[in-house]
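Residue numbers (the numbering used here): 294 to 834.
And the structure:
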């Protein structure tokens with residue numbers, strides 16, 4: 294292991310937390326400092342490149358596969374590294390934040406994989422960042438338990454062989470960690486904090502357990518960003534004296550630009566790649582963000598009307614399966630976000646049928662697995678994939694050579710028959726306010742109207758309001774979407790929430806603050822790249 298760095302990182306504006314020294318040890322911070330010194334300048338360059346590319350999209354209203362990487366796509370000889378045994382069978386993956394209760398429930402859920410989420414399902418309070426790391430450390434040492442103070446119910450881990458394999462998701466490249474700075478006062482990227490602390494504390498421990506440090510990489514916008522991650526992995530493995538190729542990464546194809554670089558992303562990570570995932574909610578957000586000023590043909594209807602059977606979404610998912618299997622990687626399907634109701638079995642019946650149809654479609658299309666947000670959905674998704682896979686761990690042998698996706702197919706938004714509705718505008722405002730209010734209280738995964746919402750769905754909500762206003766959209770009731778209409782709907786929702794929760798709970802919450810922040814990011818002429826950037830400035834803790 295390399296010697297600790299001479300200039301340690303400083304913990305700033307953070308109240309001490311119980312057991313934080315176990316996570317923020319001198320040697321762990323030295324490792325994060327080494328990552329920061331070596332890779333943050335490149336991160337900064339790539340963020341600047343994102344802005345340049347977005348300006349080009351605004352100018353041309355189009356995207357294409359990269360001519361400069363055509364040779365990589367044309368070369369049929371390369372494959373990603375074989376999957377380690379723990380990642381061969383990924384037929385059902387459950388997602389969720391890393392609080393202690395969720396950690397136990399997810400590991401016990403019966404899913405093959407748990408996406409342990411420090412990103413969209415976690416509001417980055419310092420407490421969440423540090424205690425989330427402790428939850429995973431305690432899980433691997435089997436020293437984790439949890440008792441619900443309200444119900445008295447106790448939670449504990451099942452035997453090791455019954456537990457899901459952990460694939461951890463750090464924050465995206467765009468987010469900084471304000472509580473950890475270098476000697477110049479520069480914050481460390483949240484991605485390097487989350488990855489660095491997890492890898493330092495757990496990589497060798499995971500190898501002893503017969504697994505390894507596995508990661509989901511979010512918000513990737515280009516193969517150059519994948520190359521940066523690959524270099525981080527190479528450096529980290531050398532630093533801890535771990536064999537190269539121990540790390541495995543699954544990249545979320547959840548930006549429209551990444552959809553045009555799937556093969557290149559796998560190529561850059563080929564010694565560490567284990568698959569691609571169809572991150573459907575952020576993907577829709579990315580389409581709106583990048584083509585928000587592209588005119589009527591890029592206007593998305595209500596988000597719930599954009600199903601995975603929409604032609605441009607079919608093009609995206611089928612290209613993903615084709616690309617992954619061509620290169621020996623797993624193709625993982627999208628999220629089933631439904632949260633079962635304990636009171637309304639009819640709601641559950643309808644929703645379960647939709648989840649089943651969605652997972653049946655993915656399994657039949659060639660996906661090797663898929664995501665769910667709740668343990669009750671694990672058996673439904675498992676049945677869909679069991680029926681297609683049987684005893685096989687995956688279906689990577691299904692090459693889908695019938696798939697032929699053209700560049701224009703991925704952005705054929707106007708192939709949809711659905712149009713924006715007044716009910717869709719109301720729902721966007723409702724989800725936006727309710728999610729942001731919870732996020733400001735430190736909750737990143739929130740059940741709203743029987744759906745598990747996270748930052749991605751809030752991003753779609755505020756982006757669609759912005760797009761509909763700026764495109765002059767006329768709704769199904771004949772009203773034109775304007776800033777005034779958005780304010781009117783938001784005021785009505787705020788009044789409804791006050792009546793719903795009562796004066797005391799309303800006053801104790803962040804409702805007005807959430808209302809104001811939603812309108813700011815939905816109405817400002819200058820579109821914020823990510824809702825979580827201005828929200829982080831208001832997040833306490």
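By construction, the Cβ of each residue, glycine as well, lies at the ideal position given by its N, Cα and C atoms.
Query, Result
"Could you please give me the residues that DSSP links to residue 509 through a beta bridge?", "543"
"Below 8 Å, can you find three or more Cβ-Cβ pairs linking the segment 777-785 to the segment 611-618?", "no"
"Can you find at least 3 beta carbon pairs, one from the segment 653-662 and one from the segment 687-698, that sit closer than 8 Å?", "yes"
"Starting from residue 625, trace the beta strand (DSSP E) in both directions and tell me its first and last residue.", "623-629"
"In chain order, what residues of the same chain lie with their CB nearer than 6 Å to the CB of residue 487, ignoring the 5 residues before and after it?", "411, 463, 464"
"Is it right to say residue 838 is buried, meaning 16 or more other beta carbons lie within 10 angstroms of its own, or is it exposed?", "Nothing can be reported for residue 838, as the shown portion of the chain is limited to 294 through 834."
"Quick one: Cα of residue 299 to Cα of residue 319, how far?", "Confidence is the limiting factor: at residue 299 the pLDDT is only 49, short of 50, which leaves the residue's position unreliable, though a coordinate-based value still follows. Going by the C-alpha atoms only, they are around 11 Å apart."
"Where does residue 590 sit, in a helix, a strand or coil, going by DSSP?", "helix"
"Would you list the one or two residues that DSSP bridges to residue 434?", "None, per the DSSP bridge assignment."
"Which first and last residues belong to the alpha helix (DSSP H) in which residue 759 is found?", "748-763"
"Under DSSP, the alpha helix (DSSP H) around residue 329 begins and ends at which residues?", "319-353"
"Identify whether residue 481 lies in helix, strand or coil by the three-state DSSP scheme.", "strand"
"Between the segment 536-552 and the segment 722-738, do three or more beta carbon pairs fall short of 8 Å?", "no"
"Less than 8 Å separating the beta-carbons of residue 336 and residue 536?", "no"
"Under a three-way DSSP split, which group does residue 820 fall into?", "coil"
"Suppose only complete runs of 4+ residues qualify. What are the alpha helix (DSSP H) ranges in the segment 360-419, listed by chain order?", "363-367, 393-400"
"Looking at the secondary structure, which residues open and close the alpha helix (DSSP H) in which residue 566 lies?", "From DSSP, residue 566 is part of no alpha helix (DSSP H) but of the beta strand (DSSP E) over 566-570."
"Who are the near neighbours of residue 419 in its chain, counting only those whose CB is closer than 8 Å to its CB and skipping five residues on each side?", "307, 308, 310, 472, 834"
"State the start and end residues of the unbroken alpha helix (DSSP H) segment that holds residue 618.", "604-619"
"Buried or exposed: residue 281, going by 16 or more other Cβ atoms within 10 Å of its Cβ?", "Residue 281 falls outside the range modelled here, since the chain spans only 294 to 834, and no answer is possible."
"Taking 8 Å as the threshold, find out whether the segment 808-822 comes into contact with the segment 441-452 through three or more Cβ pairs.", "no"
"Go ahead and label residue 800 buried or exposed: buried means 16 or more other beta carbons lie within 10 angstroms of its beta carbon, across all protein chains shown.", "exposed"
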